[in-house]
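Here is the structure we will look at, set down as structure tokens.
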Amino acid sequence: GCVGPGLGVRILCMNQSSPVESEEEIRAKITALIASTEPETEFGVVVPPIRSVGVQGDNRTYQHCAILLPPTLPPSEHHLAAARRLAHTVPNAIRAINRVLISLSHASSPACAAMTPRLSDITPARADTLRQADSVIDTLLQKHNLYGSIWQFPVVLLPVSFSGDAGAESIVLRPVDSVEAMTAEASQLPPSFCEEARVDITAITGIDAVFYDLTPKPPGTIEFE
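Residue numbers (the working numbering): 728 to 952.
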């Protein structure tokens, strides 16, 4: 059960929950920003109790991500495009957020179930779960003829459940395009790929949610650390 550094950095661990300070205020700010910049688009917004590394301004930050919940599943091309734009605007306007994800598995109606953080370390079982999810993505990249067109595609295990099951976790898809790794943009995945990824990954035991990280670098990092 050895875990190499490439896999290990993509298994997020938690020794204590990281409650979101002023969560309602942050969500209200994001919702207002969506209304002003994307008036023809509606999203639900959740802010999970976990932080990741980012770069905002000249500083390295350790902040929460925002998850956008589309009104229907799978997310339409319209909602994917709007979420991509919001991944640029939200972290620049709201310093408490340094990543923006769109949900591929939960819609805004009915509302997403209560988020349950899972205290966790790197274990052989969690590594095996991530390997299964990574294999799903590898297969789909080849099926959709995308294997050579995406610069890097981290698949990340996130210790948060969105079904209320304290033993379940989430998967984050983080495809990026870059030249020299100093800056990067999220790769565009077609809705058909997103839906197949959702179906196949949520079929893995212990996975109840799938998210697509649309954050550019900066303010996000390429890896979801």
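Beta carbons are placed, not taken as given, at the ideal position from N, Cα and C, and that holds for glycine.
Asked, Found
"Measure from the alpha carbon of Ile821 to the alpha carbon of each residue in Val774, Leu900, Val883 and Phe920, then state which is nearest.", "Val774"
"Once you ignore the five residues that flank Cys740 on each side, which residues in its own chain have a CB closer than 8 Å to its CB?", "Ser847, Asp848, Ile849 and Pro886"
"Rank Leu828, Val883 and Thr799 by C-alpha distance to the C-alpha of Arg812 and give the top, closest one.", "Leu828"
"Do Ile753 and Ile683 count as a contact pair if the criterion is CB distance below 9 Å?", "As displayed, the chain neither begins before 728 nor continues past 952, which places residue 683 out of reach and without an answer."
"In terms of residues, what are the limits of the alpha helix (DSSP H) holding Ile718?", "Look at the range of the chain in this structure, 728 to 952, and you will see that residue 718 is not part of it."
"Any idea if Arg1012 is buried or exposed, counting beta-carbon neighbours within 10 angstroms, 16 or more meaning buried?", "One cannot answer for residue 1012 here, as it falls past the ends of the chain, which runs 728 to 952."
"Express the C-alpha separation of Phe770 and Ser905 in angstroms, rounding to a whole number.", "28 Å"
"How big is the Cα-Cα spacing for Thr843 and Ser779?", "17 Å"
"Tell me which same chain residues have a C-beta within less than 7 Å of the C-beta of Leu734, skipping the five on either side of it?", "Ala854 and Leu857"
"Whose C-alpha, out of Ala908, Asp892 and His871, is nearest the C-alpha of Trp878?", "Ala908"
"Helix, strand or coil for Gly728, going by three-state DSSP, please let me know.", "Any reading at Gly728 needs caution, since the residue's pLDDT is 41, under 50, leaving its predicted position unreliable; the model's value is listed next. Coil at Gly728, not helix or strand."
"Could you check whether the region 889–898 touches the region 908–918, counting it as contact only if at least three pairs of C-beta atoms, one from each stretch, sit closer than 8 Å?", "no"
"Give the straight-line distance between the Cα atoms of Pro798 and Thr910, rounded to the nearest whole angstrom.", "31 Å"
"For the candidate residues Leu800, Ser803 and Thr764, whose alpha-carbon lies nearest to that of Val817?", "Thr764"
"Please return the same chain residues whose Cβ sits closer than 7 Å to the Cβ of Asp927, not counting the five positions on each side in sequence.", "Val863"
"If you draw a straight line from the alpha carbon of Glu950 to that of Lys756, how long is it in whole angstroms?", "26 Å"
"Mind checking which residues open and close the alpha helix (DSSP H) that includes Asn819?", "Glu804 to Ala820"
"Can you check the region 754–794 for any alpha helix (DSSP H) of at least 4 residues that lies completely inside it and give the ranges in chain order?", "none"
"Between the alpha carbons of Thr942 and Thr768, how many angstroms are there, rounded?", "18 Å"
"Select from Arg845, Glu952, Glu922 and Ala936 the residue whose C-alpha is nearest the C-alpha of His833.", "Ala936"
"If you count every other CB in all the chains shown that lies within 10 Å of the CB of Gly947, and 16 or more means buried, which is it?", "buried"
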